[in-house]
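Undergrad: Residue numbers (the numbering used here), protein chains in the order written: chain A, 1 to 130; chain B, 1001 to 1142. Note that the Cβ used here is the ideal one computed from N, Cα and C, for glycine as well. Please read all numbers here as calculations on a predicted model, not as lab measurements.
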């Protein structure tokens, strides 16, 4: 691994807003009101609307190209959604190399909120990292 | 949901993702790699066309009728995996099928939880390109 990749792989999103959710709804077609309507979220047992887990996972995996460059490919993503990300929360994504094999890198990505509570835990496999 | 549905599959749905759909999805998740928005950059990088971002096949669910799910209200997404045998591309038509692979019931703190495990199989001309595994949970008071 080169020096750059030995640095901590961390990215922070200070506040996840309705605009982020609205853009994801337009792109994904998933317009479940639990993601933007406080009353619906409360009926489902949440204090506030919850952000799509797949938005969080998409943001997490997108960081791989920022960290490793445009040429790499993700061949495997394996995720558990542990706790909801609420509108207005902050999001911190941390990446750690688990194994650096000859042709691929296995990484663990963790997303946490402002209370350091784990939201999403993901194992990924990347090919083409130089 | 009872176990008799295990093994059920949807009809085959043909899904083709446009470059514009990929651009909007990429922008929504802050995916700033130019190969996802610019075909010439994708070709320069060795791809035949703009690739589909690896987490984007979850969007395919919106186009597939799932006979054993009438309403997604109250569903919690608990696990998601993607495995690729081949890269997926814009402008290519994929044959997609969702299968209910397992239903697991658990009782915790007087709540009945049902976990529904699915796999989305993505083929191109009969060849498997990728598989997406999705687990949803529903909770009911006992």
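Report yes if the CB atom of residue 1023 (chain B) is closer than 8 Å to the CB atom of residue 1034 (chain B), and no otherwise.
TA: Within the second chain, residue 1023 (chain B) is the residue found at index 23, counting from 1. Within the second chain, residue 1034 (chain B) is the residue found at index 34, counting from 1. The answer is no: Cβ separation not under 8 Å.
Undergrad: Please report the residue range of the beta strand (DSSP E) in which residue 114 (chain A) lies.
TA: Your numbering for residue 114 (chain A) matches position 114 in the first chain. Run containing residue 114 (chain A): none; DSSP gives neither H nor E here.
Undergrad: Buried or exposed: residue 2 (chain A), going by 16 or more other Cβ atoms within 10 Å of its Cβ?
TA: Reading the first chain from its first residue, position 2 is the one you call residue 2 (chain A). Low per-residue confidence applies at residue 2 (chain A): pLDDT is 44, beneath 50, and the placement is therefore not dependable enough to give any value.
Undergrad: Name, please, each residue of chain B whose Cβ falls closer than 7 Å to the Cβ of residue 71 (chain A).
TA: Stepping through the first chain from its first residue, residue 71 (chain A) is reached at position 71. Correct list: 1045.
Undergrad: Return the chain-ordered list of same chain residues with a C-beta closer than 7 Å to the C-beta of residue 1013 (chain B), the five sequence neighbours on each side being excluded.
TA: Along the second chain, read from residue 1 onward, the residue named residue 1013 (chain B) stands at position 13. These residues qualify, in order along the chain: 1063, 1064 and 1096.
Undergrad: So, using beta-carbon positions, are residue 120 (chain A) and residue 56 (chain A) closer together than 8 Å?
TA: Stepping through the first chain from its first residue, residue 120 (chain A) is reached at position 120. Stepping through the first chain from its first residue, residue 56 (chain A) is reached at position 56. It is a contact, given that the beta carbons lie within the stated cut-off.
Undergrad: Residues in the region 75-90 of chain A with C-beta within 7 Å of chain B's C-beta atoms, listed in sequence order?
TA: From the region 75-90 of chain A, only 75, 76, 77, 78, 79, 80 and 81 have a Cβ closer than 7 Å to chain B.
Undergrad: Who are the Cβ neighbours of residue 129 (chain A) in its own chain at under 7 Å, not counting the five residues just before and after it?
TA: Within the first chain, the letter at position 129 stands for residue 129 (chain A). Taken in chain order, the residues that qualify are 68, 72 and 105.
Undergrad: Does any residue of chain C bring its CB to less than 8 Å from the CB of residue 112 (chain A)?
TA: Absence of chain C from the displayed structure is noted, the protein chains being A and B.
Undergrad: Which residues does DSSP pair with residue 20 (chain A) in a beta bridge?
TA: Counted from its first residue, the first chain places residue 20 (chain A) at position 20. Paired residues: none, contrary to the question.
Undergrad: Quick check on DSSP: helix, strand or coil for residue 105 (chain A)?
TA: In the first chain, the residue the question calls residue 105 (chain A) occupies position 105. Three-state result, residue 105 (chain A): strand.
Undergrad: Is residue 98 (chain A) close to chain B, meaning its C-beta is less than 8 Å from at least one C-beta of that chain?
TA: Here residue 98 (chain A) corresponds to residue number 98 of the first chain, with the count starting at 1. No, because no Cβ of chain B sits closer than 8 Å to the Cβ of residue 98 (chain A).
Undergrad: Helix, strand or coil, according to DSSP, for residue 34 (chain A) in the structure here?
TA: Against the first chain, residue 34 (chain A) aligns to sequence position 34. Of the three classes helix, strand and coil, the one that applies to residue 34 (chain A) here is helix, per DSSP.
Undergrad: I want to see whether chain A comes within less than 8 Å of residue 1055 (chain B), judged by CB atoms only; does it?
TA: Locating residue 1055 (chain B) in the second chain gives position 55, where the first residue counts as 1. Yes, residue 1055 (chain B) counts as interfacial toward chain A.
Undergrad: Starting from the beta carbon of residue 47 (chain A), find every residue of chain B whose beta carbon is closer than 7 Å, and list them in chain order.
TA: Working through the first chain from its first residue, we reach residue 47 (chain A) at position 47. Residues of chain B passing the Cβ test: none, with the nearest at roughly 15 Å.
Undergrad: Take the Cβ of residue 118 (chain A) as the centre, count every other Cβ of all protein chains shown within 10 Å, and call the residue buried at 16 or more, exposed below.
TA: Residue 118 (chain A) sits at position 118 when you count from the first residue of the first chain. So residue 118 (chain A) counts as exposed.
Undergrad: Rounded to the nearest angstrom, what separates residue 1037 (chain B) and residue 1005 (chain B) at their Cα positions?
TA: On the second chain, residue 1037 (chain B) is found 37 positions in, with the first residue counted as 1. On the second chain, residue 1005 (chain B) is found 5 positions in, with the first residue counted as 1. About 40 Å.
Undergrad: Given residue 48 (chain A), which residues of its chain have a CB within under 8 Å of its CB, disregarding the five upstream and five downstream residues?
TA: Looking up residue 48 (chain A) in the first chain gives position 48. Taken in chain order, the residues that qualify are 38, 41, 86, 87 and 88.
Undergrad: Please report how far the alpha carbon of residue 123 (chain A) lies from the alpha carbon of residue 1025 (chain B), in whole angstroms.
TA: Along the first chain, read from residue 1 onward, the residue named residue 123 (chain A) stands at position 123. Along the second chain, read from residue 1 onward, the residue named residue 1025 (chain B) stands at position 25. Computed Cα separation, rounded: 22 Å.
Undergrad: Can you tell me which of A:36, A:31 and A:16 puts its alpha carbon nearest to the alpha carbon of residue 1029 (chain B)?
TA: Position 29 of the second chain holds residue 1029 (chain B). The option with the nearest alpha carbon to residue 1029 (chain B) is A:16.
Undergrad: Counting only C-beta atoms, is residue 1028 (chain B) closer than 8 Å to chain A at any point?
TA: Here the question's residue 1028 (chain B) lines up with position 28 in the second chain. Yes, residue 1028 (chain B) counts as interfacial toward chain A.
Undergrad: Label residue 27 (chain A) either buried or exposed according to how many other C-beta atoms from any shown protein chain fall within 10 Å of its C-beta, with 16 as the threshold for buried.
TA: For the purposes of this step, residue 27 (chain A) is taken as residue 27 along the first chain, with counting starting at 1. The residue in question, residue 27 (chain A), is buried, as its Cβ has 16 or more Cβ neighbours within 10 Å.
Undergrad: What are the boundary residues of the alpha helix (DSSP H) that includes residue 10 (chain A)?
TA: Locating residue 10 (chain A) in the first chain gives position 10, counting from the first residue. No alpha helix (DSSP H) holds residue 10 (chain A); the beta strand (DSSP E) holding it covers 9-13.
Undergrad: Considering only C-alpha positions, which residue in the set B:1083, B:1070, B:1018 and B:1039 is nearest to residue 1133 (chain B)?
TA: Taking the second chain and counting its residues from 1, one reaches residue 1133 (chain B) at position 133. Selected option, being the one with the closest Cα: B:1083.
Undergrad: Could you confirm whether any beta carbon from chain B is found closer than 8 Å to the beta carbon of residue 58 (chain A)?
TA: For this step, residue 58 (chain A) is matched to residue 58 along the first chain. Yes, residue 58 (chain A) counts as interfacial toward chain B.
Undergrad: Please report the residue range of the beta strand (DSSP E) in which residue 1043 (chain B) lies.
TA: Start at 1 with the first residue of the second chain, and residue 1043 (chain B) comes out as number 43. Residue 1043 (chain B) -> not in any beta strand (DSSP E); alpha helix (DSSP H) instead, spanning 1039-1044.
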